Amino acid sequence: MKSADVRRKFIEFYTSRGHAEVPSAPLVPEGDSSSLFISSGMQPLVPFLLGARHPSGDKLVNSQKCIRVQDIEEVGDNRHTTFFEMLGNWSLGDYFKEKQLPWIWEFLTKELNLDPKKLFVSVFEGTKDVSRDEESVEIWKRLGVPDERIFFYGVKKNWWSRSGEPAGMPPGEPGGPDSEVFYDFGVELGLHERSNDRARPCHPNCDCGRFMEIANSVFMQYQKQADGSLKELTQKNVDFGGGLERLVAATQSKSDIFDTDLFTEIIKAIEVHSSASYGRDEHKSAIRVIADHLKAATFLMADGVIPSNKTQGYILRRLLRRSAVKMHRLRGGLTPMSFQAICDVVLRTYDGVYFDRSRSHQLVDSIIEEEMDRFGRSLDRGLKEFDKAKEEQLNALFAFNLFQTHGFPFEITEELFKQKDRSLDKEEFNRIYRKHQNLSRTSAAGMFKGGLADQSEKTTKLHTAHHILLAALQKIIDPSIKQRGSNITAERLRMDFNYAKKLTPEELTAVEKLVNEKIQENLPVMRVEMPREEAEKLGAQMEFGHKYPERVSVYFVGPEKNFFSAEFCGGPHISDTGSLGTFHILKEESAGAGVRRIYAELNK
Numbered sequence: 333m334k335s336a337d338v339r340r341k342f343i344e345f346y347t348s349r350g351h352a353e354v355p356s357a358p359l360v361p362e363g364d365s366s367s368l369f370i371s372s373g374m375q376p377l378v379p380f381l382l383g384a385r386h387p388s389g390d391k392l393v394n395s396q397k398c399i400r401v402q403d404i405e406e407v408g409d410n411r412h413t414t415f416f417e418m419l420g421n422w423s424l425g426d427y428f429k430e431k432q433l434p435w436i437w438e439f440l441t442k443e444l445n446l447d448p449k450k451l452f453v454s455v456f457e458g459t460k461d462v463s464r465d466e467e468s469v470e471i472w473k474r475l476g477v478p479d480e481r482i483f484f485y486g487v488k489k490n491w492w493s494r495s496g497e498p499a500g501m502p503p504g505e506p507g508g509p510d511s512e513v514f515y516d517f518g519v520e521l522g523l524h525e526r527s528n529d530r531a532r533p534c535h536p537n538c539d540c541g542r543f544m545e546i547a548n549s550v551f552m553q554y555q556k557q558a559d560g561s562l563k564e565l566t567q568k569n570v571d572f573g574g575g576l577e578r579l580v581a582a583t584q585s586k587s588d589i590f591d592t593d594l595f596t597e598i599i600k601a602i603e604v605h606s607s608a609s610y611g612r613d614e615h616k617s618a619i620r621v622i623a624d625h626l627k628a629a630t631f632l633m634a635d636g637v638i639p640s641n642k643t644q645g646y647i648l649r650r651l652l653r654r655s656a657v658k659m660h661r662l663r664g665g666l667t668p669m670s671f672q673a674i675c676d677v678v679l680r681t682y683d684g685v686y687f688d689r690s691r692s693h694q695l696v697d698s699i700i701e702e703e704m705d706r707f708g709r710s711l712d713r714g715l716k717e718f719d720k721a722k723e724e725q726l727n728a729l730f731a732f733n734l735f736q737t738h739g740f741p742f743e744i745t746e747e748l749f750k751q752k753d754r755s756l757d758k759e760e761f762n763r764i765y766r767k768h769q770n771l772s773r774t775s776a777a778g779m780f781k782g783g784l785a786d787q788s789e790k791t792t793k794l795h796t797a798h799h800i801l802l803a804a805l806q807k808i809i810d811p812s813i814k815q816r817g818s819n820i821t822a823e824r825l826r827m828d829f830n831y832a833k834k835l836t837p838e839e840l841t842a843v844e845k846l847v848n849e850k851i852q853e854n855l856p857v858m859r860v861e862m863p864r865e866e867a868e869k870l871g872a873q874m875e876f877g878h879k880y881p882e883r884v885s886v887y888f889v890g891p892e893k894n895f896f897s898a899e900f901c902g903g904p905h906i907s908d909t910g911s912l913g914t915f916h917i918l919k920e921e922s923a924g925a926g927v928r929r930i931y932a933e934l935n936k
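Under the numbering used here, the residue at position 383 of the sequence shown is numbered 715, and the numbers go up by one with no gaps.
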């Protein structure tokens with residue numbers, strides 16, 4: 333059974349049982365910087381799990397693209413990935429254990445035709461505050477699961493919340509016991525005997541690889557209170573998650589998820605461009621890292637993330653550069669073209685599922701070309717410098733110089749140190765880094781929030797023009813354009829925005845014309861305070877990756893009910909557009925991979 337069939341069957345199974353299919357959320361949470369990425373299917377649904385009404389109803393299903401950055405260092409074995417798809421179904425106060433467990437058992441054994449004898453289950457063993465989950469045990473037994481395939485675990489394994497165990501949950505967070513299903517690849521493979529756990533008895537949660545968790549039904553029935561206690565929710569919910577990669581591994585009887593059809597074409601492309609072979613044990617780990625990291629990077633780039641040295645952009649850069657080091661070691665060199673070819677296989681694999689390859693291809697290509705061009709030139713020099721370094725030179729200062737001179741992230745250098753059986757002092761590295769930052773920081777003194785160099789009348793006018801320009805770019809060029817940076821002085825404005833191609837003279841003229849039309853219409857500019865959720869529903873633009881409070885300030889250009897522009901913004905702005913003068917674009921240029929930059933001015 334192909335991976336596309338597993339995804340389709342899951343969605344159809346639950347939609348036929350009254351669930352509404354909801355689209356996958358973007359990888360970067362919108363208006364929420366509490367986490368860098370969406371890492372579970374339930375993350376975008378937290379308000380509804382706490383009682384808010386979902387517009388699609390109280391029974392939902394979807395396939396959510398996810399990235400889990402804490403697994404970066406684990407990638408290289410047969411089952412860890414940073415990017416994964418989470419198949420999920422939810423009951424928002426409708427049904428509970430009595431329907432969820434029989435349904436998921438039916439899906440696994442009837443729709444996917446998995447052998448029931450290869451399925452083991454786990455159940456919450458209970459604590460002094462929460463009783464043992466006997467209800468789930470009885471349901472599993474009625475479904476035919478014998479006692480010897482039912483295992484009990486505590487809060488470390490069979491309790492789920494975004495923050496982990498109950499003790500780590502902040503007040504207000506929902507959580508509850510879960511019941512997992514594991515697929516047994518069989519004792520005959522000898523996976524346990526060859527693992528580091530061979531001295532201990534094997535069980536479903538053993539790390540030897542014999543068992544793989546393929547389904548997890550979380551019963552969201554508690555909410556953490558301010559006094560540390562757990563209170564039962566009035567609305568009890570089901571939050572199910574099943575990693576597609578793992579479900580496919582089970583249906584295709586592959587204990588290595590990289591042997592499934594979700595990775596085979598990607599790995600073939602890596603083999604072609606590296607002359608390495610996945611069949612050789614010494615190449616396996618590096619090829620897995622490249623396959624996973626370039627898949628994750630492709631999804632991030634297609635979602636508008638640009639390589640940088642902070643937040644989501646830093647993770648993207650780290651994924652690309654870690655892949656580059658692995659590829660360089662495999663083939664003795666690196667070309668952007670090889671990465672472009674591998675990323676294109678990812679685009680083709682998921683074309684029509686999560687993105688349109690024809691729209692994403694050029695953006696991904698341009699980012700790869702610029703990022704790998706920049707890093708590729710220094711990678712060779714940096715690796716040569718590392719390889720010839722004497723043992724006594726391998727310290728935090730050496731690592732910082734690799735970072736400063738050649739762009740090697742700390743984590744990559746740390747891996748290189750481990751290959752030479754050396755440890756790297758992260759605290760000392762950070763101390764050197766902070767000292768360097770302090771020396772460099774004076775040039776930024778006096779800069780106002782939002783990119784304004786001051787708050788003079790000229791700068792304020794250009795700030796308002798900046799808002800109109802962004803809206804014009806979205807209407808003339810591409811509605812998915814977002815601001816990626818800005819700088820405004822009394823003389824001119826500068827805007828960085830995501831777009832893969834150079835704007836044509838005709839496009840620039842059209843944008844300039846639309847901005848001037850809105851100036852001539854003498855539109856009102858109004859500041860309105862409102863709930864963040866309401867502003868998001870209106871389509872107000874927000875700064876990429878920025879965290880906003882529950883109530884926000886929104887500036888409207890044009891009437892609030894029929895606005896031309898709306899942005900989350902603290903100001904300052906003028907009161908109407910008629911006093912701006914004439915808007916003129918000075919130049920348009922590249923500001924990095926997948927990012928364009930416009931300079932513009934206002935004349936009387």
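We put the CB at the ideal spot given by N, CA and C, even for glycine. Quick caveat, the model's predicted, so the values are computed rather than measured.
Own chain partners of residue i with C-beta closer than 8 Å, once the 5 adjacent residues on each side are dropped
i	result
E861	R883, V884, S885, V886
S772	Because the pLDDT at S772 is just 40, under 50, the model does not fix this residue reliably, and the point stays unresolved.
D539	S527, N528, D529
L802	I813, Q815, M827, F829, Q873, S897, E899
Collapsed DSSP secondary structure at residue i in the structure displayed
i	result
E497	coil
A776	Caution applies to A776, whose pLDDT of 32 falls short of 50 and renders its modelled position unreliable; the value that the coordinates give is listed next. Helix, per DSSP.
T566	strand
V696	helix
G574	strand
D409	strand
N762	helix
E865	helix
C398	strand
N819	strand
A384	coil
N548	strand
D828	strand
Close beta carbons around residue i, own chain, < 6 Å, minus the five adjacent residues each side
i	result
I699	M633, A925, G926
L579	V338, I546
N537	K489
Buried or exposed (CB count within 10 angstroms, at least 16 for buried), residue i
i	result
T796	buried
K750	exposed
N894	exposed
R654	buried
M669	exposed
L440	buried
A531	exposed
K561	The identity of residue 561 in the sequence shown is Ser, whereas the question assumes Lys. S561 is exposed by the Cβ-count criterion.
V696	buried
Option in the options with minimal Cα separation from residue i
i	options	result
G574	W422, Y931, F742, P837	W422
P361	G350, K716, M374, R349	M374
A898	S907, G913, F761, R859	R859
T909	F742, F896, K767	F896
H693	F572, Y831, I343, S511	Y831
E438	I906, Y427, L475	L475
Y515	K488, S493, N548, K473	N548
Y765	K793, F730, K790	F730
K556	C540, W492, G425, E839	W492
D479	V469, S690, R691, F707	V469
Y646	V401, G714, L521, K919	V401
I471	K431, E443, G389	K431
The alpha helix (DSSP H) enclosing residue i, as first and last residue numbers
i	result
E920	Taken as a continuous stretch (DSSP letters only), E920 belongs to no alpha helix (DSSP H), being part of the beta strand (DSSP E) at 914-924.
N733	728-738
A618	613-634
R464	Looking at the DSSP string, R464 is not in any alpha helix (DSSP H), and its letter there is neither H nor E.
K600	596-606
M669	668-681
Residues near residue i by beta carbon distance below 7 Å, same chain, minus five either side
i	result
I619	I599, I602, A608, Y610
R937	The first residue shown for the chain is 333 and the last is 936, placing residue 937 beyond what the model contains.
A623	F590, F595, I598, I599, I602
S372	C398, M418, G573
Start and end residues, beta strand (DSSP E) containing residue i
i	result
F888	883-889
P509	506-516
A803	First-last for A803: 789-808, but that is the alpha helix (DSSP H), not the beta strand (DSSP E).
M659	Segment 643-663 is the alpha helix (DSSP H) holding M659; no beta strand (DSSP E) there.
F369	No beta strand (DSSP E) contains F369, which DSSP labels as neither H nor E.
E525	That residue, E525, is in no beta strand (DSSP E); it is neither H nor E in DSSP.
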